[in-house]
Amino acid sequence: MRHILEIDSVQKYYQHKLVVSDVYLKCETGDIIGLLGRNGSGKSTLLKIIFGIVPADYKFVRIDGKLKLKTSELLKEIGYLSQDNFIPKHFSVSKAIRLSIHKEKMDSFCNDEMIRSILDKKISHLSGGELRYLEIKLILFNASKFVLLDEPYNGLAPVMVEKVNRLIRENAEHKGIIITDHNYRNVIEVSSNLILMTAGKTHHLKDKNELIDRGYLKVGMI
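When we follow this note's numbering, the leftmost residue of the sequence shown carries the number 4, and every step to the right adds one.
Pasting the structure below:
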């Protein structure tokens with residue numbers, strides 16, 4: 004079943020400064036939207052506003068045409084990976100999986116060389132890359148219709164990036180995904196659509212070359 008997430012008319016002031024404005028974003032099942040922009044452009048703030056953990060001065064969030072006013076409603080429909088680790092360090096990997104993944108998805112989730120290699124470990128004993136991979140997969144396998152990924156590639160080696168991008172593509176078959184990361188090459192590689200944020204505003208791009216035209220990248224950087 005196809006679902007649609009729409010975010011419109013977002014405004015956010017911080018200390019009397021407008022940090023997010025003129026935002027329109029539409030994400031459908033099957034979309035992988037890459038949200039790019041320089042530090043301070045409003046990317047992470049926008050994801051937090053969409054998820055409902057940062058209040059906006061004004062916003063419309065609709066899912067399948069229905070306005071979502073309460074954060075509790077958004078939590079049921081949207082999964083969110085923050086920049087910070089979210090699994091308690093005293094948990095075991097198997098406990099984190101057991102508490103997060105439905106039984107019918109358990110075999111599929113664990114049918115993964117990386118996951119099998121860490122199943123018996125404590126979260127506190129994982130490397131940064133192992134923990135990030137586990138968190139990304141847990142978020143992608145939850146029951147939400149949409150997933151927001153904030154800096155998913157942080158701390159990942161190139162081989163892990165390839166695994167994560169494979170996970171993102173596979174799960175985009177039945178979810179809509181919005182991703183932002185300072186490593187623009189990884190975002191461009193996996194995304195089906197690109198949006199550039201500048202000074203809190205969104206610009207929908209027809210192709211990646213517009214990143215050069217709009218001054219985000221220099222010639223030869225793509």
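Glycine included, every Cβ here is placed at the ideal spot set by N, Cα and C.
If you run the structure through DSSP and keep just helix, strand and coil, what is THR32?
-> The DSSP-derived three-state label of THR32 is coil.
Report the option in ARG119, VAL150, LYS20, LYS51 whose CA atom is closest to the CA atom of SER95. Among ARG119, VAL150, LYS20, LYS51, the Cα nearest to that of SER95 belongs to ARG119.
Fill in: Cut-off 7 angstroms between Cβ atoms - residues of its own chain near LEU199, not counting five sequence neighbours on either side
Excluding residues within five positions, the ones whose Cβ falls inside 7 angstroms are LEU39, GLY40, HIS206, LEU208, LEU214, ARG217, TYR219.
field: Expected contact under 8 angstroms - CB spacing of ILE66 and LEU8 to nearest Å
entry: 5 angstroms between Cβ atoms; contact.
>> Please return the same chain residues whose Cβ sits closer than 6 angstroms to the Cβ of LEU21, not counting the five positions on each side in sequence.
In response: No residues qualify anywhere along the chain.
Next on the checklist: I need the straight-line Cα distance from ILE10 to LEU170, nearest angstrom please.
Outcome noted: Cα to Cα, ILE10 sits roughly 25 angstroms from LEU170.
(request) Check whether the region 130 to 144 touches the region 154 to 165, taking contact to mean three or more Cβ pairs, one atom from each stretch, closer than 8 angstroms. (result) With three or more CB-CB distances shorter than 8 angstroms, the region 130 to 144 counts as touching the region 154 to 165.
Verify the CB distance criterion: does LYS124 have a CB-CB separation below 8 angstroms to chain B?
Looking at the structure shown, chain B is missing, and only one protein chain is on hand.
Item to check | Any beta strand (DSSP E) of 3 or more consecutive residues that is wholly inside the region 73 to 143 | outcome: Taken in chain order, the whole beta strand (DSSP E) runs of length 3 or more contained in the region 73 to 143 are 81 to 84.
Q. Between which two residues does the beta strand (DSSP E) carrying ASN259 extend?
A. Lying before the first or after the last residue shown, residue 259 is absent from the chain, which here runs from 4 to 225.
For this session: Indicate whether GLY37 and LEU197 have their beta-carbon atoms separated by less than 8 angstroms.
Result: LEU197 is positioned such that its CB atom lies closer than 8 angstroms to that of GLY37.
Between which two residues does the beta strand (DSSP E) containing ASN189 stretch?
Secondary structure note for ASN189: it is in no beta strand (DSSP E), and the uninterrupted alpha helix (DSSP H) holding it is 187 to 193.
Note to self: Please report the distance separating the alpha-carbon of GLY132 from that of LYS15.
What the structure shows: Those two C-alpha atoms are separated by around 33 angstroms.
Check your understanding: If you compare alpha carbons, which of LYS71, ILE104, ASN189, ILE81 is closest to ILE159?
Key -> In the sequence as presented, Ile is not what sits at residue 159; that position holds Leu. In this structure, ASN189 is the residue among LYS71, ILE104, ASN189, ILE81 with its C-alpha nearest to the C-alpha of LEU159.
message = So, under 8 angstroms CB-CB, SER130 and LYS92 are touching, yes? Tell me the CB distance rounded to an integer number of Å.
response = Wrong, their Cβ atoms sit about 13 angstroms apart, outside the cutoff.
Buried/exposed call for PRO155, threshold 16 Cβ in 10 Å:
With 16 or more Cβ atoms within 10 Å of its Cβ, PRO155 is classed as buried.
Open item on the list: If contacts are defined as beta-carbon pairs under 8 angstroms, then THR48 and VAL23 qualify, I think. What distance do you get, rounded to the angstrom?
Closed with: Sure, about 6 angstroms apart at Cβ, within 8 angstroms.
According to the Cβ coordinates, are PHE149 and GLU80 closer than 8 angstroms?
Judged by beta-carbon spacing, GLU80 lies within the 8 angstroms limit of PHE149, meaning their Cβ atoms are closer than that value.
Q: Identify whether SER44 lies in helix, strand or coil by the three-state DSSP scheme.
A: In the structure shown, SER44 sits in coil (DSSP, three-state: anything other than H, G, I, E or B).
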